[in-house]
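Our numbering puts the first residue of the sequence shown at 1, with every later residue one more than the last.
Here the structure is laid out as structure tokens; the discussion comes afterwards.
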Amino acid sequence: MEKSDLIPKTKGSVLKWQAHIYDFECTLVGLSSSFRQVTLNYVQLNAGMKVLDIGCGTGVLTRLAAEKIGDTGEIIGIDPSPQMISLAQKKSLQLQSTAKFKLEVIENLPFPDRSFDLVLSSLMFHHLPTDLKLKGLQEIYRVLRPDGRFLGADIGKPKYSLWWLVLWPYLIIPNIATNIKGEIPNYLNQAGFEKTETLGYWFSLINFWSAKKPAFAPKN
Ligand SMILES: C[S@@+](CC[C@H](N)C(=O)[O-])C[C@H]1O[C@@H](n2cnc3c(N)ncnc32)[C@H](O)[C@@H]1O
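Set out below in structure tokens:
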């Protein structure tokens, strides 16, 4: 089998060569560790939880969540970028994190139905075309246990309309346009989630969304 056969194919935009400068870039634009900490403040992480982080990149959020769920918990970060996954694995080894990483895509999650308590995704949805956003959220719904929660952080509808002075050119980029028009909460509802809420903002542009799989969701 060729090495390239193991790399999942996707219509999402995959960060490859950027992997080695990604954390530095995040810090430059104000998305350093305090952003990750604030993200996790929006959700309850208990010891023993089973968590999935989709589009994990270098795994900063994944490792932070791993610390909170402890050794009895399990967390796996997935991303289609071999460069991101290998960097995430290397850093986890160095930092002795229990977080695991795997090359996979949101649109075809290789996990059984109802296998996670919580699904996280940070700064990933604006990398996907609309059909994958919808398919991906259906997949998240499938792998969550009833009453399980989704927490997403990404560019969304800005809190203040002044942002449109900067954002309007992005309306011609479909992957970003649906995010900034505020469609993600609608897609969550379409996928079957309930209690969909925008819990807060980072720099009034990154939205934090929470949604819940109904406690009595019928089997998929
Ligand atoms: C901007 S990075 C976010 C990384 C990290 N979650 C963070 O918060 O910094 C977006 C990531 O989504 C990944 N991605 C692109 N298409 C994807 C797909 N179909 N499924 C899962 N992840 C995808 C990219 O490779 C990239 O690493």
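Glycine included, every Cβ here is placed at the ideal spot set by N, Cα and C.
Query, Result
"Kindly give me the distance between the Cβ atoms of Gly59 and Ala88, rounded to whole angstroms, as I take these residues to be in contact under 8 Å.", "3 Å"
"Distance check for Gln83 and Tyr22, CA to CA, integer angstroms please.", "11 Å"
"Under the three-state reduction of DSSP, which class applies to Glu104: helix, strand or coil?", "coil"
"So, helix, strand or coil for Glu183, using DSSP?", "coil"
"Within 10 angstroms of its Cβ, does Trp164 collect 16 or more other Cβ (buried), or is it exposed?", "exposed"
"Mark Trp209 as exposed unless 16 or more other C-beta atoms lie within 10 angstroms of its C-beta, in which case mark it buried.", "buried"
"Going by DSSP in three states, Met1 sits in which element: helix, strand or coil?", "Note on Met1: pLDDT 47, under 50, position unreliable in the model; no value is reported."
"Tell whether a beta-carbon distance below 7 Å holds between Leu52 and Val105.", "no"
"Let's test the definition: count the other Cβ atoms within 10 Å of the Cβ of Lys195 and tell me whether it reaches 16, buried, or not, exposed.", "exposed"
"DSSP on Leu256, reduced to helix/strand/coil?", "Any answer about residue 256 is impossible in this case: the structure gives the chain only from 1 up to 220."
"If you measure between the beta carbons of Gly136 and Lys157, is that distance less than 7 Å?", "no"
"Can you tell me whether Met1 is buried or exposed, with buried defined as 16 or more other CB within 10 angstroms of its CB?", "In this prediction, Met1 scores a pLDDT of 47, lower than 50, which makes its location untrustworthy; the coordinate-derived value is nonetheless stated afterwards. So Met1 ends up on the exposed side."
"Cutting at 7 Å between CB atoms, please list the residues of its own chain near Pro185, excluding the five before and the five after it.", "Thr196, Thr198, Trp209"
"Give, in chain order, every unbroken run of the alpha helix (DSSP H) that is at least 4 residues long and sits entirely within the region 17-61.", "19-28, 33-41"
"Would you call the CB atoms of Ile85 and Phe111 closer than 7 Å?", "no"
"Between the C-alpha atoms of His269 and Gly192, what's the straight-line distance to the nearest angstrom?", "Nothing about residue 269 can be reported from this structure: the residues present for the chain run from 1 to 220 only."
"With respect to 6 Å, is the separation between the Cβ of Thr10 and the closest non-hydrogen atom of ligand 1 below this value?", "yes"
"Confirm, please, whether the CB-CB distance from Pro129 to Lys11 is below 7 Å.", "yes"
"If you run the structure through DSSP and keep just helix, strand and coil, what is Ser13?", "coil"
"Got a sec: is the Cβ-Cβ distance from Thr72 to anything in chain C below 7 Å?", "Note that chain C does not occur in the displayed structure, where there is just one protein chain."
"Hey, out of Lys16, Val143, Thr39, whose CA is closest to Ala153's CA?", "Thr39"
"Under a Cβ-count criterion, where at least 16 other Cβ atoms within 10 Å of its own Cβ denotes burial, should Leu15 be classed as buried or exposed?", "buried"
"Once DSSP output is grouped into helix, strand and coil, what is the label at Thr178?", "helix"
"Per the DSSP calculation, Arg149 is bridged to which residue(s)?", "Leu118, Lys212"
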